[in-house]
Amino acid sequence: MKKGKSLQVIAVVGISVIFIALITLVTSIEYMNSKKLILSSMEKSGKQTVTIHAQNLSSWIKARLSQVEVIANTQLVSSMNYSEIIPYFKREQKNYNGVFNTIGISDTSGKLIMQNDVTIDISSEDTFPKVIQGKEIISDPFKDKQNPSNLIISMECPVKDIKSGKAIGLVSGACLVSTVFKENTNFHIGQTDKVYILSNKGDVLYKQSNDPLNETNLLKSSNSELNGLVKEALSKDSFLGQFKDKDGTKMLFSARVDGTDWYMLLQVPTKEYTSSLNSLLYLILAVSVLAIIFLIVILIILLKKFFDRLLKISLIADEVAEGNLMNSLPESSDELGRINITFNKMINNLKNIIIKIRNVSEVVVESSNSYKEVSLEVVQEGKNIKQSIDNLTSGSKNIAEEIQNIAVSVNDVEDKSRKLAEISTKIDEMIAEAKDKTSDGSKNLHTTVELLNKMEQKVNISSDVVTELSEKSKTIANVTTTITDIAEQTNLLALNASIEAARAGEQGKGFEVVAEEVRKLAEQSDMAAQEISKEIQEIQGKITNAVVSMGESINYVGLGIKSTDNILVIFSEIEKEIDRIKTMSFNVSEIAKIVLQNNRKILESVSNTSAMSEEAVASALSFQDMVSKQEDIFLNLKGASEHLDELSAALSGEIFKFKVN
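Following the UniProt record's numbering, the numbering of the sequence shown begins with 1 at its first residue and continues without gaps.
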């Protein structure tokens, strides 16, 4: 639960931070672009405005200079008749609507006579000699000598002699600075912008603001940044720059007034243009904060539903890890719903695997019990066969001893032939006894043959059972192979789920843990299946050895039956010989010669019979050893079946931990 909450907090904080960062980035970019656009518009407007008004000022000045020039070139003025010129000046001043504050005329002596009959000496002024030399001059602002409180600008043109063309005087038309500059600087592109008229030396000739001039020369301003801009502006016909002072950042525009040494400067604070943008920025930030709060609320609601569904998956996964396969997740068409569908399929597949493994485990347990019972029966039958072989061995030894006795008797025949009459009686008794023993031996041999036949049948049955066990072990091996394949498929499914969880990023970490647990469970199933397969392979190897040993036992039993049949034939021949001896006992004299003649043949037959009897004893002993070895093998098989039973029980214990129904 804590994990889900932490992920939810991380998701909310992460998405909120991203959203805030995006809003901040977009707002910053838009603010910078808007500010750049506004400043660019301001630069274009300011530069264009200053240039236009500088041109207007230049045109205005040139027009006034042209008016003065027209006055100076009139025949009346060229006559230098002051009595007529002064009234003319008064009329012209009135005609120009008071644009000229004063109009005066001076000869080469520098005595300037005004239209109001006031005379002023201008010979000491710098412009006077230049005008007398024939130049037209527009002066810088200077104090009016009649009224020092006024600043005036003088447009001066030479008066030339009509005949010689030489300057004989000058006409001066003076305009108040307020008239010259105020009319041509009466413009604004802001509320607190300032317009300056500067000389080429940086002197402030005019300032639009009504505030008193704090600085008379901007090249000597306390603001070093402004000093550099003004210096650069005075070296160009048009200039644009930016500087900072105590009031903030300001734009500086300048344009040269053509025909003069003046420069028109426009100083505009940028905050007037960006203040509305700042207000818009604050509004956007306020709206963004409200949007972020709304987004966080929506995110908390949506992510709570999302993580509740993830928590449901985690709880079901915990129950699956504990072995409960009875629960399932709700399925839907969205992404988590498809994950739930896949998870339910995994649970169903795992449930089917567990059921199949449980069934296989039960079959293995039943097969193990059957195999153990068959092994016990085979061991018991082996003991019975061993007992029969012991009896057969004992009878064969007795037969061998009797044959040796016959051989001794035959050897004594020649020595006792003279006592044939007495011996014949004994021979009859011995023949009767031999016949009885031969009958007993024959019966024992028949019994042995029957036992061998039964043993062969039992061995064949054991072989069939072992073969059937081998086939069942192969079936179990196939089942373990199927379990291994299913485990591999489950492991592959878990790997695919881990990959999909990794693609999902933070949202897929919970399911990645589930996929890892499923993969571990699949690996454990695979390891258990491999252990069972290994044990089954060992059992199959031992069963194969048992089948081979049983086959050899069957072969040896067959050889024993054949040997016993030969012994029966020999016993039959012995019975026939005994009958013949009994027949010949009636005529001992005649038979004595025949007995003497056939003595060697009898000895040879007895020797052969003795050899065959010894071979039968050796075969019985060998078969007895084989039966003992077979008994050991089946005892080992019994131990293997018990071990398989233990493994099956352990597997069943693990499997029954899972709840599937």
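Built from N, CA and C at the ideal position, the CB exists for glycine as well.
Three-state secondary structure assigned by DSSP to residue i
{"i": "Lys201", "result": "coil"}
{"i": "Leu7", "result": "helix"}
{"i": "residue 662", "result": "Here the chain has residues from 1 to 661 only, and residue 662 is not among them."}
{"i": "Met251", "result": "strand"}
{"i": "Lys244", "result": "strand"}
{"i": "Gln267", "result": "strand"}
{"i": "Met326", "result": "coil"}
{"i": "Lys135", "result": "coil"}
{"i": "Lys143", "result": "strand"}
{"i": "Ile120", "result": "strand"}
{"i": "Phe239", "result": "strand"}
{"i": "Lys2", "result": "Bear in mind that the predicted position of Lys2 carries a pLDDT of just 46, short of 50, making it too unreliable to give a figure here."}
{"i": "Asn81", "result": "coil"}
{"i": "Asn186", "result": "coil"}
{"i": "Tyr206", "result": "strand"}
{"i": "Asn217", "result": "strand"}
{"i": "Tyr273", "result": "helix"}
{"i": "Asn405", "result": "helix"}
{"i": "Val514", "result": "helix"}
{"i": "Thr482", "result": "helix"}
{"i": "Gly98", "result": "coil"}
{"i": "Gln489", "result": "helix"}
{"i": "Leu234", "result": "coil"}
{"i": "Asn348", "result": "helix"}
{"i": "Ala494", "result": "helix"}
{"i": "Thr475", "result": "helix"}
{"i": "Thr583", "result": "helix"}
Cβ separation of residue i and residue j, assumed to be a contact under 8 Å, to the nearest whole Å
{"i": "Asn344", "j": "Glu331", "result": "7 Å"}
{"i": "Leu57", "j": "Val257", "result": "5 Å"}
{"i": "Phe243", "j": "Glu225", "result": "4 Å"}
{"i": "Asn545", "j": "Arg519", "result": "Actually they do not touch by this definition, with Cβ atoms about 39 Å apart."}
{"i": "Lys47", "j": "Phe253", "result": "5 Å"}
{"i": "Leu325", "j": "Lys351", "result": "5 Å"}
{"i": "Lys90", "j": "Gln115", "result": "5 Å"}
{"i": "Thr484", "j": "Ser288", "result": "Incorrect: roughly 60 Å between the Cβ atoms, too far for contact."}
{"i": "Ser533", "j": "Thr480", "result": "4 Å"}
{"i": "Leu218", "j": "Gly202", "result": "5 Å"}
For residue i, the residue or residues it bridges with in DSSP
{"i": "Ala167", "result": "Lys160"}
{"i": "Ile153", "result": "Cys175"}
{"i": "Gly551", "result": "Per DSSP, none; premise fails for Gly551."}
{"i": "Gly104", "result": "Met114 and Ser172"}
{"i": "Trp60", "result": "Paired residue(s): none; Trp60 is not in a bridge."}
{"i": "Val195", "result": "Leu266"}
{"i": "Arg256", "result": "Tyr263"}
Closest Cα partner of residue i within the set the options
{"i": "Ser123", "options": "Asn116, Lys111 and Leu350", "result": "Lys111"}
{"i": "Asp121", "options": "Lys145, Glu136, Ile138 and Ile543", "result": "Lys145"}
{"i": "Asp261", "options": "Ile532, Asn200 and Gln93", "result": "Asn200"}
{"i": "Met527", "options": "Ile486, Asn352 and Gly46", "result": "Ile486"}
{"i": "Leu559", "options": "Glu523, Glu615, Ile284 and Gly228", "result": "Glu615"}
{"i": "Glu642", "options": "Asn566, Ile536 and Thr24", "result": "Ile536"}
{"i": "Leu285", "options": "Ser607, Glu604 and Ala21", "result": "Ala21"}
{"i": "residue 704", "options": "Tyr96, Asn223 and Leu265", "result": "Residue numbering for the chain in the displayed model covers 1 to 661; residue 704 lies beyond these limits and cannot be assessed."}
{"i": "Ile168", "options": "Ser238, Asn147, Ser78 and Lys220", "result": "Ser78"}
{"i": "Glu604", "options": "Ile554, Ala515, Met626 and Asn411", "result": "Asn411"}
{"i": "residue 662", "options": "Ile543, Asn33, Val513 and Ala255", "result": "Look at the range of the chain in this structure, 1 to 661, and you will see that residue 662 is not part of it."}
{"i": "Phe307", "options": "Ala54, Val177 and Leu336", "result": "Leu336"}
{"i": "Asn33", "options": "Val118, Asn278 and Gln530", "result": "Asn278"}
{"i": "Thr525", "options": "Ser607, Val9, Ile197 and Ile353", "result": "According to the sequence shown, residue 525 is Ser rather than Thr. Comparing Cα-Cα distances from Ser525 to each of Ser607, Val9, Ile197 and Ile353, the minimum goes to Ile353."}
{"i": "Glu538", "options": "Ile476, Asn223 and Leu521", "result": "Ile476"}
{"i": "Ile86", "options": "Ile113, Asn147, Tyr96 and Thr51", "result": "Ile113"}
{"i": "Ser369", "options": "Lys472, Ser572, Arg64 and Glu523", "result": "Strictly speaking, residue 369 in this sequence is Asn, with Ser absent from that position. Measuring from the Cα of Asn369, the nearest candidate turns out to be Lys472."}
{"i": "Val245", "options": "Lys426, Ser222, Ala522 and Leu299", "result": "Here the sequence assigns Asp to residue 245, which means Val is not the residue at that position. It is Ser222 whose Cα lies nearest to the Cα of Asp245."}
{"i": "Leu635", "options": "Val297, Ala63 and Gln380", "result": "Gln380"}
{"i": "Glu552", "options": "Asp625, Ala502, Ser139 and Glu531", "result": "Asp625"}
{"i": "Ile339", "options": "Gly323, Thr249, Val360 and Ala317", "result": "Ala317"}
Distance cut-off 6 Å: residue i Cβ against heavy atoms of the ligand MN
{"i": "Asn150", "result": "The ligand MN is absent from the structure shown, which contains no ligand whatsoever."}
Worksheet entry | Contact between the segment 162-178 and the segment 92-111 (3+ Cβ pairs under 8 Å) | Output reads yes: the segment 92-111 touches the segment 162-178.
Worksheet entry | Stretch-stretch touch, CB-based, cutoff 8 Å, three pairs: the segment 198-209 with the segment 123-131 | In this structure the segment 198-209 does not lie against the segment 123-131, because fewer than three pairs of beta carbons, one per stretch, are closer than 8 Å.
Fill in: At least 3 beta-carbon pairs within less than 8 Å: the segment 181-198 vs the segment 265-283
Pairwise C-beta distances place the segment 181-198 in contact with the segment 265-283, as three or more of them are shorter than 8 Å.
Practice prompt. Flag this pair as touching only if the segment 149-159 and the segment 13-21 have three or more C-beta atom pairs under 8 Å; answer yes or no.
Written response: Proximity of the segment 149-159 to the segment 13-21 falls short of the contact definition, fewer than three beta-carbon pairs being nearer than 8 Å.
Discussion item. Taking contact to mean 3 or more Cβ pairs, one atom from each stretch, closer than 8 Å, check whether the segment 54-72 and the segment 157-165 are in contact.
Written reply: Output reads yes: the segment 157-165 touches the segment 54-72.
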